[in-house]
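A.B. asks: This is the structure, below, for whatever I ask next.
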Amino acid sequence: MTKQKTIKNSLIFTGIGQHKGTLNTIELFPAEVDTGIIFEIKGKKYQLNLNNVFGETGYTCIGEKDGVNVKTIEHLVSSLHGLGIDNLLIKTNSEEIPIQDGSALPLLKEIEEKAGFFIQNASKKAIKILKKIEYSDEKGTVSIEPSDKGLLTLDVEINYSGIKPIGIEHEVIDLTEENYKSKICMARTFARMSDVEYLHSKGLCLGATLKSGIAVDEEKIINPEGLREPNEFVFHKILDAIGDLYVMGHSIIGFYKNSRGGHFHNNQLVRKVMSDKSNYEIVELQFMLIMGIDPGLRHTGWGIVDFSNNQFQHIANGTLNISEKGTLPERLAEIHKKLTEVLEQYKPEEVSVEEVFVNVNPASTLKLGQARGVAILTPSLLNIPVFEYSANLIKKSVVGVGHASKEQVQMMVGVLLNKPKIDSEHSGDALAMAICHAHNRKKW
Ligand SMILES: [Zn+2]
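If you count by this note's numbering, then the sequence shown holds residues 2 to 445, one letter each, in order.
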């Protein structure tokens, strides 16, 4: 996503804290363009940046070291970075952020299902790494270097060769919203059972149980359910790094490498990068959001792609189901209302609609034409330019041949957009229209 993003509705999230084992509450609120991530702790505001964040053994805090602060922010911050949320206000009076199940999955689900996203009309800013920077000590090495491949790529290796159930794991992954949701956010934190028992005996880490992470001994995984994925341990280190690096204040364009490093190493690396302004520059990402609309009186499909730097990225798609009981004027009004909501949420730059084709049944051609009128009118009322393409050109642009079948079009849409979840055939067709416009717009 190359535009700034916040959430649509506020959200209350509660859960047990890792340290005291008591209930904690945080509230998330949408925030204006260019405000960044702000924590409001007991009425005092702290921006997510290097000056306000400090590490303690085993967790990260924001606020003042000997004053107002909130502990264990790392997995929350990781999910904000992973979801590409640029602007957010987080209010809390609690001492800790809920530990959840040791991963970022529960909060991510709540944000997706209850808060929703809101795309803001400003280009996203990113920190572009200009030089290779490294931090190393006897425990591990972390580094970040320039990359011309999208945003952040992470290459992480863990080596617990003394602990059989963990062992050595290595993964390389690009930080995209899709990868974060499908592969990274589910990975739980882990610890040795003997360490947890020791901490419990000292009255520490009281919220750490088999429900808030993975416990291992020298021979086996203690949790009866086992692992969620074979490489869950290294994916948790990736999740942690994504949170630790977001302390730079923006998304990052760079290649990050970690061999056996932890939160401390990441924090030192961020400090080293930010200490010299010639190490990085802040850039604005290019964007071109194109929305395709497949109009219909019963189902209107829509799909949005980002076509910047000559690359396609799927942003969203959906189907507006129009109530079949309404009269024609009511149904047209319903299409208009629902389409306006989607346009206002995603703010595409341009819209693409298929040209009308006359089929054998004049009555159904006319009905389709009326729905199509609404699909053209609605973006026009919001001053968004609308372009029209023939069915043959759409097929040709997506599949390569003008007489391609419907199935071939749907399949190629999946391939071109890296297999997104497509809501219906209508939204698949809408995505095809958006792709067609991206291929053809340069001629305009
Ligand atoms: Zn963690």
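The beta-carbon is built from N, C-alpha and C at its ideal position, and this holds for glycine as well.
So the candidates are LEU286, SER260, LEU131, THR190; which of them puts its Cα closest to the Cα of ARG229?
C.D. replies: Answer by Cα proximity: THR190.
A.B. asks: Do GLU75 and THR61 have their C-beta atoms within less than 7 angstroms of each other?
C.D. replies: Cβ distance < 7 angstroms, so GLU75 and THR61 count as in contact.
A.B. asks: Shorter than 6 angstroms, the distance from the beta carbon of THR190 to the closest heavy atom of ligand 1, or not?
C.D. replies: For ligand 1, at least one heavy atom lies less than 6 angstroms from the Cβ of THR190.
A.B. asks: Is the number of C-beta pairs between the region 397-406 and the region 433-440 that are closer than 8 angstroms three or more?
C.D. replies: Taking 8 angstroms as the limit for Cβ pairs, the verdict is that the region 433-440 does touch the region 397-406.
A.B. asks: Per DSSP, which residues does TYR199 bridge with? Please list them.
C.D. replies: Looking at the DSSP assignment, TYR199 forms no beta bridge with any residue, so it has no partner.
A.B. asks: At the level of alpha carbons, what is the spacing between LYS407 and PHE55?
C.D. replies: Roughly 55 angstroms between the two C-alpha positions.
A.B. asks: Nearest to THR154 by alpha carbon, out of ASN419, GLU65, ILE239, ILE291?
C.D. replies: Among ASN419, GLU65, ILE239, ILE291, the Cα nearest to that of THR154 belongs to ILE239.
A.B. asks: Could you tell me how far apart the beta carbons of GLY85 and LYS6 are, in whole angstroms, since I believe they sit closer than 8 angstroms?
C.D. replies: The pair is a contact, with the Cβ atoms about 5 angstroms apart (cut-off 8 angstroms).
A.B. asks: Return the chain-ordered list of same chain residues with a C-beta closer than 6 angstroms to the C-beta of ASP424, the five sequence neighbours on each side being excluded.
C.D. replies: Cβ neighbours of ASP424 beyond the five flanking positions: ASN318, GLY319, THR320.
A.B. asks: For LEU417, which of HIS404, MET434, HIS427, SER195 has the nearest alpha-carbon?
C.D. replies: Measuring from the Cα of LEU417, the nearest candidate turns out to be MET434.
A.B. asks: For THR177, count neighbouring Cβ atoms within 10 angstroms of its own Cβ and tell me buried if that reaches 16, exposed if not.
C.D. replies: With 16 or more Cβ atoms within 10 Å of its Cβ, THR177 is classed as buried.
A.B. asks: Counting Cβ pairs, one atom from each stretch, are 3 or more of them under 8 angstroms apart for the region 295-312 and the region 366-380?
C.D. replies: Yes, the region 295-312 is in contact with the region 366-380.
A.B. asks: Can you check DSSP and say which residues form a bridge with ASP295?
C.D. replies: In the DSSP output, where bridge partners are listed per residue, ASP295 has GLY302.
A.B. asks: Among ALA105, THR301, ILE169, which one has its Cα closest to the Cα of VAL157?
C.D. replies: The option with the nearest alpha carbon to VAL157 is ILE169.
A.B. asks: Keeping to the same chain, check which residues put their C-beta closer than 8 angstroms to that of GLU220; ignore five residues upstream and five downstream.
C.D. replies: Taken in chain order, the residues that qualify are LYS165, PRO166.
A.B. asks: Going by C-alpha distance, which of ASN160, ILE63, THR23 is nearest LYS72?
C.D. replies: Out of ASN160, ILE63, THR23, ILE63 has the C-alpha closest to the C-alpha of LYS72.
A.B. asks: Roughly how many angstroms lie between the CA atoms of GLY37 and PHE118, to the nearest whole one?
C.D. replies: Cα to Cα, GLY37 sits roughly 15 angstroms from PHE118.
A.B. asks: Going by DSSP, what residue range makes up the beta strand (DSSP E) through PHE40?
C.D. replies: That run of the beta strand (DSSP E) goes 38-42.
A.B. asks: Would you be able to state if there are at least three C-beta pairs under 8 angstroms between the region 114-133 and the region 6-19?
C.D. replies: With a cut-off of 8 angstroms, the region 114-133 and the region 6-19 count as touching, because enough Cβ pairs lie within range.
A.B. asks: Taking the alpha-carbon positions, what's the VAL352 to LYS182 distance?
C.D. replies: For VAL352 and LYS182, the distance between alpha carbons rounds to 28 angstroms.
A.B. asks: Would you report the Cα separation of GLY415 and SER428, rounded to the nearest angstrom?
C.D. replies: Computed Cα separation, rounded: 12 angstroms.
A.B. asks: Where in the region 355-418 do unbroken runs of the beta strand (DSSP E), each at least 3 residues long, occur, reported from the N-terminal end onward?
C.D. replies: If we require 3 residues or more, the beta strand (DSSP E) runs fully inside the region 355-418 come out as 387-390.
A.B. asks: Helix or strand or just coil, what does DSSP make of TRP445?
C.D. replies: With a pLDDT of 43 at TRP445, under the threshold of 50, the modelled position of that residue is not reliable, and no figure is offered here.
A.B. asks: Please report how far the alpha carbon of TYR199 lies from the alpha carbon of ASP102, in whole angstroms.
C.D. replies: Using only the alpha carbons, I get a separation of about 21 angstroms.
A.B. asks: Can you find the residues in the same chain that come closer than 7 angstroms, C-beta to C-beta, to VAL387, ignoring five residues on each side of it along the sequence?
C.D. replies: Here the set comprises VAL352, VAL354, ILE377, PRO380, SER381.
A.B. asks: Evaluate ILE13 with the Cβ neighbour count: other Cβ atoms within 10 Å of its Cβ, from every protein chain shown; 16 or more gives buried, anything less gives exposed.
C.D. replies: Exposed, because fewer than 16 other Cβ atoms sit within 10 Å of the Cβ of ILE13.
A.B. asks: Expressed to the nearest angstrom, what Euclidean distance is found between the alpha-carbon atoms of PHE236 and ARG261?
C.D. replies: Cα to Cα, the separation comes out at about 13 angstroms.
A.B. asks: ALA209: which of ASP218, ALA192, LEU29 sits nearest, CA to CA?
C.D. replies: Closest by alpha carbon: ALA192.
A.B. asks: Anyone know if the C-beta pair for TYR247 and HIS82 falls short of 7 angstroms?
C.D. replies: Yes, the Cβ-Cβ distance between TYR247 and HIS82 is below 7 angstroms.
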